[in-house]
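Please read the structure below before turning to the comments.
Numbering (the working numbering), first residue to last: 97 to 449.
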């Protein structure tokens, strides 16, 4: 049975992600979106995780297929666009000769970040790798049936590792630092499902209750964000205070969940909900193409968008993904981490987010 609220939440989250990538003119809105839009997906992934005992190699293979395969596929599909950007803007992406021009983006596939010797040409795809690492870390408490003690110890070790990287200025390739920072959110999602009935109660609540929950949580998230400043989750930046970052992420999560409960069922929303990984992996070139067309046709700059303009631009980007999602889900599911068409909701959708 599909969890419609979860599809709605994923679509709201991916909408906010694309909206935030529109170079918004309003810094306050930008910071608000960034305080929770990616933590939302880590919490959802934790919510749909299981404590079931599994052998490590099958567990590794399952998650590599669900997360690393789409990461590689989307990175290679968008590589020509990334190389064009490097060629068109060499001052932002310096390279010495054709060898570096070719090799730096390929090395970026493995570093999952831009460095002095690598260009990571599909920025948003970091999430696949970070979630893969989080799921590997989650295997540790799974060995102990996800007891509160094992979850607590693993979380403390992850945060200790995070601060070790930060304090010693080690370059954590493959977004290891982001994964360590995200692990507590994943655990929160798991505990939310296994130790509480909050989601079940929201599902049973009337629309006005969910609207009230959503508005109150949005207000709390906004207030905390104003105190904490900008959070750059992809770069493992938590703003001014890590505790405030986690609080804003949790309030932002419930803001979205509240909205998802009263969002009506819609086949297009369900399609995007099934393909949020596709939007994550492919939206950068599609979004940039729409921006360039808008610039040529309507003489609108490609940055500092007002919300009035950013909203329809974001809707257009998502609409462009609908046929791509349909094609990949029905003809080439293995490219996005699915073993077969219409694979069960829990076994696939949140394994690959």
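Cβ atoms here follow ideal geometry from the backbone N, Cα and C, with glycine treated the same way. Keep in mind it's a predicted model, so treat the numbers as computed, not measured.
**Request:** Assign residue 134 to buried or exposed, taking buried as 16 or more other Cβ atoms, counted over all protein chains shown, within 10 Å of its Cβ.
**Result:** buried
**Prompt:** Which of the three DSSP states, helix, strand or coil, is assigned to residue 211?
**Reply:** strand
**Message:** Cutting at 6 angstroms between CB atoms, please list the residues of its own chain near residue 313, excluding the five before and the five after it.
**Reply:** 347, 350, 351
**Message:** Report the CB separation of residue 410 from residue 107 in whole angstroms; it is logged as a contact under 8 angstroms.
**Reply:** About 11 angstroms; that fails the 8 angstroms criterion.
**Request:** Return the CA-CA distance between residue 198 and residue 129, expressed in angstroms with no decimal places.
**Result:** 35 angstroms
**Separation of residue 253 from residue 118, as counted between CA atoms** = 36 angstroms
**Request:** Output the distance between the C-alpha atoms of residue 203 and residue 209, rounded to the nearest integer angstrom.
**Result:** 9 angstroms
**Request:** Please confirm whether residue 205 and residue 171 have their CB atoms less than 8 angstroms apart.
**Result:** yes
**Request:** Starting from the C-beta of residue 177, find all residues in its chain whose C-beta is less than 6 angstroms away, skip the five residues before and the five after it, and write them out in chain order.
**Result:** 381
**Message:** Give me the residue from 288, 265, 111, 186 with the minimum Cα distance to residue 408.
**Reply:** 111
**Cβ-Cβ distance between residue 201 and residue 217 below 8 angstroms** = yes
**Residue burial classification, residue 393 (beta-carbon count within 10 angstroms, cutoff 16)** = exposed
**Best match in 120, 422, 385 for proximity to residue 181 [C-alpha to C-alpha]** = 385
**Item:** Residue nearest to residue 415 in terms of C-alpha spacing, selected from 260, 99, 371
**Value:** 371
**Message:** Between which residues of its own chain and residue 358 is the CB-CB distance below 6 angstroms, once the five residues before and five after are set aside?
**Reply:** 303, 306
**Asked** Grouping DSSP H, G and I as helix and E and B as strand, with all else coil, what is residue 401?
**Response** strand
**Request:** Look at the Cβ atom of residue 164, then the Cβ atom of residue 228, and state whether they are nearer than 8 angstroms.
**Result:** yes
**Asked** Should the region 427 to 434 be called in touch with the region 138 to 154, which here means at least 3 C-beta pairs below 8 angstroms?
**Response** no
**Prompt:** Does the beta-carbon distance from residue 298 to residue 249 come in below 8 angstroms?
**Reply:** no
**Nearest candidate by alpha-carbon position, reference residue 219, set 104, 329, 98** = 329
**Request:** Write down the C-beta distance between residue 105 and residue 356 rounded to the nearest angstrom, noting that I regard them as a contact closer than 8 angstroms.
**Result:** 4 angstroms
**Request:** Quickly, what does DSSP pair residue 120 with across the bridge? List them, please.
**Result:** 401
**Prompt:** Grouping DSSP H, G and I as helix and E and B as strand, with all else coil, what is residue 432?
**Reply:** helix
**Message:** Please report the straight-line C-alpha distance between residue 140 and residue 285, rounded to a whole angstrom.
**Reply:** 6 angstroms
**C-alpha distance - residue 396 paired with residue 155, whole-angstrom precision** = 48 angstroms
**Asked** Just the Cα atoms here: how many angstroms apart are residue 364 and residue 418?
**Response** 8 angstroms
**Message:** For residue 320 and residue 196, what's the separation of their Cα atoms in angstroms?
**Reply:** 43 angstroms
**Request:** May I have the straight-line CA-CA distance separating residue 267 from residue 360, to the nearest angstrom?
**Result:** 45 angstroms
**Item:** Status (buried if at least 16 other CB within 10 Å, exposed otherwise) for residue 447
**Value:** Reliability fails at residue 447, whose pLDDT of 43 lies under 50, so the model's placement of it is uncertain and the value that follows must be treated cautiously. Burial call: buried.
**Request:** Determine the burial state of residue 271: buried for a count of at least 16 other Cβ atoms within 10 Å of its Cβ, exposed for fewer.
**Result:** buried
**Asked** What residue range is occupied by the uninterrupted alpha helix (DSSP H) comprising residue 387?
**Response** 372 to 394
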